[in-house]
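Asks: So the sequence shown is numbered by this note's numbering: it starts at 22 and just counts up by one.
We treat Cβ as the ideally placed atom computed from N, Cα and C, and that holds for glycine.
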Amino acid sequence: MRKLLVIGIGAGNPDHMTVQAISSLNRADVLFIPDKGAKKNDLAELRREICDRFVTNPKSRRVEFDVPVRAEPTSSYRSTVDDWHEAIAAIYEALIRDEIDEDGCGAFLIWGDPSLYDSALRILERVRLRNNVAFELEVIPGITAIQALAASHKMALNRIGDSFLVTTGRRLTEEGLASNAGSTVVMLDGKCAFNTLADPDVVIHWGAYLGTPDEIIVSGRLGDVSAEIEKVREEARRQKGWIMDTYLLRKPGEPEDI
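1. Since I believe Val148 is in contact with Ile286 (beta carbons under 8 Å), could you give me their beta-carbon distance rounded to a whole number of angstroms?
2. Straight-line CA distance for Arg242 to Ala110?
3. Label Met208 either buried or exposed according to how many other C-beta atoms from any shown protein chain fall within 10 Å of its C-beta, with 16 as the threshold for buried.
4. Can you pull the DSSP bridge partners for Arg242?
5. Using three-state DSSP, classify Glu159 as helix, strand or coil.
6. Please list the terminal residues of the continuous beta strand (DSSP E) segment that includes Val88.
7. Does the beta carbon of Phe215 sit closer than 8 Å to a beta carbon anywhere in chain B?
8. Take the Cβ of Ile30 as the centre, count every other Cβ of all protein chains shown within 10 Å, and call the residue buried at 16 or more, exposed below.
9. Let me know if Val27 comes out buried or exposed under the rule of 16 or more other beta-carbons within 10 Å of its beta-carbon.
10. Name, in chain order, the residues that DSSP records as bridge partners for Gly31.
11. Hey, could you find the ends of the alpha helix (DSSP H) Ser45 is sitting in?
12. Would you please state the rounded distance, in angstroms, between the beta carbons of Asp56 and Asp87? I believe it to be under 8 Å.
13. What is the rounded straight-line gap between the Cα of Glu85 and the Cα of Phe53?
14. Taking Cβ to Cβ, would you say Ala169 is nearer than 8 Å to Ala32?
15. To the nearest angstrom, how far is the alpha carbon of Pro273 from that of Ala108?
16. With a Cβ-Cβ cutoff of 8 Å, do Lys80 and Asp50 count as a contact?
17. Just confirm the distance between the C-beta atoms of Thr165 and Asp134, as a whole number of angstroms; I'd bet it's less than 8 Å.
18. Could you work out which residue in Asp104, Thr194, Gly125 is closest to Met22 when comparing CA atoms only?
19. Would you identify the three-state DSSP class for Asp36, choosing helix, strand or coil?
20. With DSSP run on the structure shown, which of helix, strand or coil describes Gly127?
21. Could you tell me the distance, in whole angstroms, from the CA atom of Asp220 to the CA atom of Arg69?
22. Who are the near neighbours of Cys213 in its chain, counting only those whose CB is closer than 6 Å to its CB and skipping five residues on each side?
Pasting the structure below:
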């Protein structure tokens with residue numbers, strides 16, 4: 022049966038690659054490299070760089086494939102994402118069927134970690150349920166943008182005796198800061214959702230292109246640095262054509278003892 026490896030490659034720095042991830046790359050006969058278009062060529066180039074640096078298996082080969090662009094959300098965000106995932110599932114199925122031998126091994130290189138705000142595992146489950154191609158699945162964890170953010174800001178994600186929440190920009194806009202979490206990590210925010218918060222004393226630790234030579238970090242009281250983050254973020258996005266950023270929001274003061 023075909024073997025499929027889903028490998029977390031870290032948040033942007035090739036040095037994030039774990040020993041397990043490097044070993045897994047070299048187990049694969051085929052390495053699948055997604056292409057998200059000219060504006061995000063840096064993302065494909067990083068995967069190529071990782072392969073150039075770490076792959077020593079002379080039998081391995083690379084197969085690049087185009088990733089369809091997700092439509093702009095309509096009245097139903099879930100419906101839009103569902104249609105997008107269905108289109109990608111058809112591509113995955115063809116790649117597994119046509120590029121991996123019956124007893125071969127292929128690998129998808131996943132930014133960050135496959136378990137955190139990445140849909141590869143859900144999409145592969147769609148492929149499995151179609152019953153058109155059989156495969157065994159193995160997941161190799163990677164360093165996430167959350168860990169890279171904490172490392173770059175030299176901070177712990179949680180305070181003593183406190184919890185933290187991981188959410189998205191869309192949900193932060195809709196729900197605000199959770200009352201039961203002293204710290205909130207926000208991902209997938211394309212609209213600077215921190216500007217929707219009413220409390221200017223909230224502290225923000227923001228970072229973009231984490232772990233890469235282009236890394237940018239800003240931290241401070243939200244009322245003091247929100248405009249700076251917006252400006253820096255827009256300039257960076259305009260120059261590179263894309264941006265990946267995440268940030269931690271922390272309520273002022275220490276959590277009460279339980």
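Replies: Inspection of the coordinates gives the following:
1. Only positions 22 to 279 of the chain appear in this structure, which leaves residue 286 out of reach.
2. 43 Å
3. buried
4. Val224
5. strand
6. It is not in any beta strand (DSSP E) - Val88 carries neither H nor E in the DSSP assignment.
7. Absent from the structure: chain B. Only one protein chain is present.
8. buried
9. buried
10. Gly133
11. 40-46
12. 5 Å
13. 6 Å
14. yes
15. 44 Å
16. yes
17. 5 Å
18. Gly125
19. helix
20. strand
21. 43 Å
22. Glu251
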